[in-house]
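Numbering-wise (my numbering), the sequence shown opens with residue 28 and increments by one. Note that CB positions come from ideal geometry on N, CA and C, so glycine has one too.
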Amino acid sequence: MLLDLAHWLTLPAPLAARRLGYVGDSVRLASRSRRCRAAWAPHLAAAQDTVRAAMRDCPRRDLAVVLGSGLLDDVPIDDLAAAFRRVVLVDAVHPWRARWRSRRHANVARLTHDLSGANGLLLDRGETARPVLPPVCREADLVVSANLLSQLPIRPVARLEAAGRLGSWTDADAFGRHIVAAHLDALADLPARICLVTDRDETEADRDGRVIERIDLLYGVDPGAAPREWDWELAPFGEEARDRRLVHRVAAWPDWRPA
């Protein structure tokens, strides 16, 4: 608890990221990743392998951009830094763990950017929710969307459900679908190779394997058939409840394009 508080207080981040809860989310994610290290290991290894597969026969290796770089647990940053002349890590918050891991590479830079496109609405600026990728993506040879797609709507949808309205939006599911679809549209418009890793749905189950609830994390948006899928035990028994666990189904494309 004290370690989390120290991270929250000292983590460099824009004031908006603190106001909107992104710094707290980042600190809690780092804490959970430590507690669930063994349960998460197969998922993180599979995600990193997907990025390596995307790198393997990439025609050009001048610039790689990682969207949703987070803790860098699911990103083989050493391999990317060795293979590309430049690597840019993009996220709303860059946690200490990622800063430490990337600092050893002179060719790795960090870019703070709102990838959901909804921060204007969340801060009552009256802007529309239109996810916009940073311009550096148009220069990239490889763009990685790293376990990001299902995360983008979480804060905006929660705020809409609490407030009842954000700008012209009143339907939370439609708002979530809009954000997910807009991110995929933005990726599809890029000339780069796209490596996409995303969780599709969440299953809550008891110790007998009975499904308590299943949630579509992409709000009905389908990125297409994935060449590789696996289960990620996000919250093992005892993490959120003694007799419940949360498992996410993850899909991965080393070279994604819309169907």
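Are there 16 or more other CB atoms within 10 angstroms of the CB of W127, so buried, or fewer, so exposed? exposed
With a floor of 4 residues, list each alpha helix (DSSP H) that falls wholly inside the segment 115-151, ordered by position along the chain. 123-130, 146-149
What separation, rounded to the nearest whole angstrom, lies between the Cα atoms of A119 and R87? 27 Å
Go ahead and pull the three-state DSSP assignment for L47. Here L47 sits in coil by DSSP.
With H, G and I counted as helix, E and B as strand and the rest as coil, what does DSSP make of E229? strand
Can you name the start and end residues of the alpha helix (DSSP H) that W67 belongs to? 64-83
What does DSSP give as the partner residues of V274 in its beta bridges? T230, E260
Check whether the segment 198-217 and the segment 253-263 touch, using three or more Cβ-Cβ pairs below 8 Å as the test. no
Can you give the Cα-Cα distance for D316 and A268, rounded to whole angstroms? This structure leaves residue 316 out entirely; the chain is present only between 28 and 286.
Host alpha helix (DSSP H) of A189 (start-end): 181-190
In the structure shown, what three-state DSSP assignment does S172 receive? Collapsing the DSSP output to three states places S172 in a strand.
Is there contact between the segment 264-279 and the segment 228-245, where contact requires at least three CB pairs shorter than 8 Å? yes
State the Cα-Cα distance for the pair L187 and A286, rounded to the nearest angstrom. 31 Å
Using three-state DSSP, classify L56 as helix, strand or coil. helix
Could you please give me the residues that DSSP links to C222 through a beta bridge? V171
When we look at the beta-carbon of L99 and count the other beta-carbons within 10 Å, is it buried (16 or more) or exposed? L99 should be labelled buried.
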